[in-house]
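Undergrad: Residue 181 in our numbering sits at position 70 of the sequence shown, with consecutive numbering throughout. Let me give you the structure first, and then I'll get to my questions.
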Amino acid sequence: MAQSYVRPDVAGNGSNGKRSPGRPRSEQSRQAILRSTLKFLRQQGGFPDLSIEAVAADAKVSKATVYRWWPTKAALVADAFSASVEQELKFPDTGSLRGDVAQQMRNVIRLFRSPRGKVVAALVAGGQSDPELIEAFRERFLWPKRKQAYKTLQRGIDRGEIPAGTDLDLLLDTLYGAIYMRFLIRHFELREDFADQICGLVLKGSERRTNSSR
112 MAQSYVRPDV AGNGSNGKRS PGRPRSEQSR QAILRSTLKF LRQQGGFPDL SIEAVAADAK
172 VSKATVYRWW PTKAALVADA FSASVEQELK FPDTGSLRGD VAQQMRNVIR LFRSPRGKVV
232 AALVAGGQSD PELIEAFRER FLWPKRKQAY KTLQRGIDRG EIPAGTDLDL LLDTLYGAIY
292 MRFLIRHFEL REDFADQICG LVLKGSERRT NSSR
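So, in structure tokens, the structure goes:
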């Protein structure tokens, strides 16, 4: 009996090294799912109202395709938001710690003031009653950004801008906690120049401790 023949370039593991035609299409589907998730979050303004069925239909994929990449709705939502802000929330390297942090914080404030701020508010609010959602937000958005911040602060330590023994988590919570406070409570307007005020107050104190220890 004749054996069936599969061309190497179709099989995906052939000697010519070409990628399987299905892989680019899969990435297109993945991006479509992320876009649809963000669209529904902005429209509906809340995590509980979002359904995997609606996202799959809007992205023109099956529910099984969605679950192939994200085990839960919480993971999908957290990844969709994180992917949408990845580039704009990166820490710069301006040559000074205060410049790096202030610029990144201004970008955070700009994001919170944009329509996507509704997504952040929905994630934080929904996470208060849904442990799975807040855990996904921490693991897929907060901690990756936190690791970038540690590297930025370490550069400041290496340049002698803040003391080597600084509690980095306390410093970050103090800096960014003020932004979240104004964003969620709305007792004062959240403006971009607030970032410069916070950095001037918080980092100036760290700089003074460094100078006094010399």
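Don't be surprised by glycine CBs; every beta carbon is placed ideally from N, CA and C.
Using a threshold of 8 Å, state whether the C-beta atoms of VAL166 and THR148 are closer than that.
TA: Contact flag set, yes.
Undergrad: Indicate the three-state DSSP secondary structure (helix, strand or coil) for THR205 in the structure shown.
TA: Correct three-state label for THR205: coil.
Undergrad: Which value, in whole angstroms, describes the spacing of the CA atoms of GLN259 and LEU161?
TA: The straight-line gap from Cα to Cα measures roughly 30 Å.
Undergrad: Looking at ALA189 and LYS251, is the spacing between their C-beta atoms short of 8 Å?
TA: In the sequence on display, residue 251 carries Arg and not Lys. Contact: yes.
Undergrad: Would you kindly work out how many angstroms separate the C-alpha atoms of ARG153 and LYS262, rounded to a whole number?
TA: One C-alpha to the other measures close to 32 Å.
Undergrad: Give the DSSP-derived three-state secondary structure of LYS171 in the structure shown.
TA: Residue state, collapsed to three classes: coil.
Undergrad: Taking only runs that begin and end inside the segment 179–264, name each unbroken alpha helix (DSSP H) of 4 or more residues, in chain order.
TA: Qualifying alpha helix (DSSP H) stretches, in chain order: 184–196, 208–224, 228–238, 242–248.
Undergrad: Cα-Cα, which of LYS184, SER207, GLY276, ILE163 is closest to ILE245?
TA: ILE245 has its Cα closest to that of LYS184, out of LYS184, SER207, GLY276, ILE163.
Undergrad: Relative to the ligand MG, is the shortest distance from any of its heavy atoms to the C-beta of ASP160 smaller than 7 Å?
TA: Ligands are entirely absent from the displayed structure, and the ligand MG is therefore not among its contents.
Undergrad: Under the rule that 16 or more other beta-carbon atoms within 10 Å means buried, what is LEU281, buried or exposed?
TA: Exposed is the call here.
Undergrad: Excluding five sequence neighbours on each side, which residues of the same chain lie with their C-beta closer than 6 Å to the C-beta of ASP169?
TA: Counting only Cβ-Cβ distances below 6 Å, and skipping sequence neighbours, we find SER147.
Undergrad: What number of angstroms, rounded off, separates the C-alpha of GLU303 from the C-alpha of TRP254?
TA: Each residue's alpha carbon lies about 23 Å from the other.
Undergrad: Taking the alpha helix (DSSP H) that THR277 belongs to, which residues open and close that run?
TA: Premise fails: THR277 is in no alpha helix (DSSP H) and is neither H nor E.
Undergrad: Taking contact to mean at least 3 C-beta pairs separated by less than 8 Å, is the segment 269–276 in contact with the segment 221–238?
TA: Because the criterion of three Cβ pairs below 8 Å is not met, the segment 269–276 and the segment 221–238 do not touch.
Undergrad: Quick check on this structure: which residue in GLN142, GLN155, SER140, LEU314 has the alpha carbon closest to the alpha carbon of LEU234?
TA: The residue with the shortest Cα to Cα distance from LEU234 is GLN155.
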